[in-house]
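Below: one structure, written as structure tokens.
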Ligand code: IMP
């Protein structure tokens, strides 16, 4: 991680993402500062892809903090819903007052799946784009995916977001039921992170 230096801004206000990225970064001995700790604003996600949104968040944080910044844009794409909620995964969780409630988001996804009918299937995947931006203008992005299917009702209190309804292929437990280390061994975030580490090592 020589290209990063001793301090890295984790450009997210999402506690779940921050916890997972901190766990993935732990072996590298880099001090990770959360965006909220630095009082950084949350930029508007105007991109049309996970990478575009990750890049705008990393760029904004690196410019404001004057430090390298790592951002994450991620979400759940459901085949029967033409890839939705996708880049709108956080937005699907907002109630009328703009407050995020993932019980509500999982319910909305389930209702849309029921409306699509059983022949549409329950396949889904998570995508994670990680972008690393430097104050000098450099930026690099990496993307990871994990495929699986959705279950109902939600199961498990671990993880965050849509984890309680997602079962990765080849497993029976949801991400919400798995120990964090088991999720980190196969998740979209871990796969994107592996690529980032490989890129930094070359
Ligand atoms: P954004 O990247 O800030 O737009 O938010 C993406 C949303 O996707 C998060 O708030 C989560 O609800 C969901 N999401 C992303 N990664 C995961 C994950 O690992 N598990 C469950 N939900 C996730």
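Residue numbers (our numbering): 502 to 703.
Yeah, the Cβ is synthetic: ideal placement off N, Cα and C, and Gly gets one too.
For residue j and residue i, believed in contact at Cβ under 8 Å, the rounded distance
i           : j           : result
residue 573 : residue 628 : Wrong, their Cβ atoms sit about 11 Å apart, outside the cutoff.
residue 697 : residue 648 : Residue 697 to residue 648, Cβ: 21 Å. No contact.
residue 667 : residue 577 : 7 Å
residue 510 : residue 536 : 7 Å
residue 672 : residue 524 : Going by Cβ atoms, the distance from residue 672 to residue 524 rounds to 19 Å, so no, they are not a contact pair.
residue 613 : residue 602 : Going by Cβ atoms, the distance from residue 613 to residue 602 rounds to 16 Å, so no, they are not a contact pair.
residue 630 : residue 552 : 4 Å
Cβ neighbour criterion (16 or more within 10 Å) applied to residue i
i           : result
residue 559 : buried
residue 700 : exposed
residue 669 : buried
residue 542 : exposed
residue 662 : buried
residue 507 : exposed
residue 704 : Given that the chain is displayed from residue 502 to residue 703, the structure contains no residue 704 and the question cannot be resolved.
residue 549 : exposed
Rounded C-alpha distance that separates residue i from residue j
i           : j           : result
residue 635 : residue 581 : 38 Å
residue 516 : residue 690 : 14 Å
residue 625 : residue 677 : 15 Å
residue 592 : residue 621 : 24 Å
residue 570 : residue 638 : 11 Å
residue 664 : residue 702 : 31 Å
residue 597 : residue 587 : 20 Å
residue 718 : residue 529 : What the structure shows of the chain is the stretch from 502 to 703, and residue 718 is not part of that stretch, so it cannot be assessed.
residue 538 : residue 566 : 11 Å
Heavy atom of the ligand IMP within 7 Å of residue i beta-carbon
i           : result
residue 694 : no
residue 566 : no
residue 525 : no
residue 535 : no
residue 627 : yes
residue 758 : There is no way to answer for residue 758, as the model of the chain reaches only from 502 to 703.
residue 688 : yes
residue 697 : no
residue 546 : yes
residue 676 : yes
Three-state class that DSSP yields for residue i in the structure shown
i           : result
residue 660 : coil
residue 600 : coil
residue 572 : strand
residue 641 : strand
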